[in-house]
Structures are given as C-alpha cells and as structure tokens.
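Numbering-wise (our numbering), the sequence shown opens with residue 77 and increments by one.
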Amino acid sequence: IFENNFAGMVILGPGQRIIDYNKAAKKFFEALDISLGTYPLEYILAQKPQLLEIFRSEADREFSLVIDGEERFFKIDAVPFGDFRDGKMRMLKTIRDVTEERKIQEKLKFLATKDVLSGLYNRAEFMYLAQKEFLWAKKHNKELSLLMMDLDCFKIINDTFGHGAGDEVIREMGKMIRAGFRKTDIGGRIGGEEFAVVLKGASLKEAKRVAGQFQQAVAEKKVIYEEKEITFTVSIGVATICGGADGNNSIEDILKKADVALYKAKAGGRNCVVAFESEM
C-alpha cells in the first residue's frame, strides 16, 4: 500500500529526517530536480526554502509549483503517528496532485457565476455583487453609478446573418466590457442582449463620460462572421446614487432608474447615452 500508492508518501522521524519514501514521492521530487534520500529536510530542500517551510509544517497545506512549464497544484496531508513518550514519533506526509480537482472546481464556479457566451457575470451573480457594492456605497456615503446597455436591433442581426453571428456579437460585447472598464467595476449579462456595469465611486458626470466613450467604441467596432462584416450599436441608460438617504433602498431601485433612462435612449433613436432624471 505504501510503496505502490499513487500519492507520494514521505515518513519523517526525529529532527525531520526522512526515514522512508515511496516511488510516487521520488517521482515528485525528481520532477523538481531534487534527489531524495534519508537525510534531514533542511538538507534535501536547502535550495527550495518555500518548499522546505511547507514540508516542515505539521498542518495540511496546499501549494502550487511550475513543473515542465505548467502550474500544478498539490495538497500535503500531515499525519503524526507513533508514541511521543519513547521519542519515536513519526510524521507521514502524503503528497497529492490536485490539479484536475482544482480545474473542475474552477469550471463549476465559472458555470455557477458566469455567462458562458459573454464571459461576464450572469444575472444572479451580477445582482449579488452589485447589491454588495450598493450597500457599501450607501453605508459610506459614496457615489455609485450603474449603466444599463441594450444592443440595438439585435433581432435584425440574428435574422440577417444567423444566430451564430448574434452569438459572436455577444462574445465581442463581453470582451469590450471586460477591456473597456476598470477591473474594480462589475460587468454582467443580465438578459439576451442586455448588459449592465456597476461603476464604483463614479459620479453621474463621470458615468456619462465613460458610457459615451464605450458607446462610441461599440459603434466603431466590426465583427467578422463567415467573411461578412457586421457592425452594431448600443443604447445606454445611466443612473447614480449619491449615498445617504436618496430614496434608493436596493440595487433594484437604481437598476429600474437606469432601465427608464435606457428606454428613453431607445425611444430617442438608439445608439446614444441617456442619464436618469427625476422627472422621467
């Protein structure tokens, strides 16, 4: 069981000297250009101080290493055994490659929180994150703006070029939103051709400026699908909270206001930015 186990196993004795190890442990260390032997850890890992600290720990640890140009993830379980009263305490270190497990976890997390087509947050995750930012802004009396976006005449794109072309436009919008806003901002796809972005700490003036730049960038963008050039535009509604008691009690309130402004933008000819006003 010990020698042929798929997991690397190392037994440490007094002074953290390696007493025994199996084939998998030898293979693990050889991949790091380390020759394993019955020596103290500090001798074996003298040139790998971070790895030495991990192996010295009596707690379970997770870490990553670059092996053959690829980042791989590992977990070390530490299990003491023996009798400390006679000085024969031992420590079994079990090394497992959990890279595939990590990839599956990341994929499941992506599928649970992201919209696969655009790569942005899906509606549920966007609303969750947006509400957190809304509550923080209200508590600290900070400004926060929200952009509601809708691709203009999207049905015509689908009808003219096919749904594959429509999907390509959605993908491009996702790329543009990820690249066109700050990393601290929150972008999501909240409907078929509807998108939203939360701009942290942005005043109405700043939000309108940023929205205008993005609207112009979209208008200048061209997507090539099956050797056909597709252009598209976006209408944007903007709403802002100024912190404190402004009548907005949840992210839904500001979302509704941005949606009203978006409706005005669509009714006013599309391909433009409209900010919410109280008389709307």
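Cβ coordinates follow ideal geometry from the N, Cα and C atoms, glycine included.
Within the same chain, and ignoring the five residues on either side of N347 in sequence, the residues whose Cβ sits closer than 8 Å to its Cβ are D228, Q291, A295, T309, V310, S311.
Taking one beta carbon from each stretch, the stretch 80 to 95 and the stretch 117 to 131 have 3 or more pairs nearer than 8 Å; the two touch.
Among the bridge pairs identified by DSSP, A154 is matched with K169. Counting C-beta atoms within 10 angstroms of its own C-beta, D144 has fewer than 16 neighbours from the protein chains shown and is therefore classed as exposed.
Taking the Cα positions, R247 is about 45 Å away from N81. Taking each of E244, D136, L184, R265 in turn and checking the Cα distance to V299, the smallest one comes out for E244.
Nearest Cα to D173 within the set K333, E353, F105: F105.
Comparing C-alpha distances from K179 to each of G84, S354, E147 shows the shortest one belongs to E147.
Residue state for R247 is assigned as helix, using DSSP reduced to three classes. Between the beta-carbon of A287 and that of V349 there is about 5 Å, and that keeps the pair under the 8 Å contact cut. For the alpha helix (DSSP H) assignment, the uninterrupted runs of no fewer than 4 residues enclosed by the stretch 208 to 247 are, from N- to C-terminal side, 230 to 237. For the pair K190 and M203, the Cα-to-Cα distance works out to about 12 Å.
Secondary structure at F271: strand, using DSSP grouped into helix, strand and coil. Secondary structure of I266 (DSSP, three-state): coil. Here L88 is actually not in contact with K102; their C-beta atoms are around 15 Å apart, not less than 8 Å. For Y115, the three-state secondary structure derived from DSSP is coil. In this structure, the straight-line span from the alpha carbon of A154 to that of N98 is close to 16 Å.
Inter-residue distance for K251 and L193 is about 10 Å (C-alpha atoms, whole angstroms). Pairing Q207 with C318, the inter-Cα distance amounts to about 15 Å. Within the same chain, R166, L168 come within 7 Å of F157 by CB-CB distance, once the 5 residues on both sides are set aside. Per DSSP, T175 is one residue of the alpha helix (DSSP H) stretching across 175 to 189. A direct Cα-to-Cα measurement between A293 and V273 gives close to 16 Å. Around the beta carbon of I232, fewer than 16 other beta carbons sit within 10 angstroms, so the residue counts as exposed. In the three-state DSSP reduction, I253 falls in the helix class (H, G or I). Here the C-alpha atom of K332 lies approximately 17 Å from the C-alpha atom of K214. For K304, there is no enclosing alpha helix (DSSP H); the residue is part of the beta strand (DSSP E) that begins and ends at 304 to 307.
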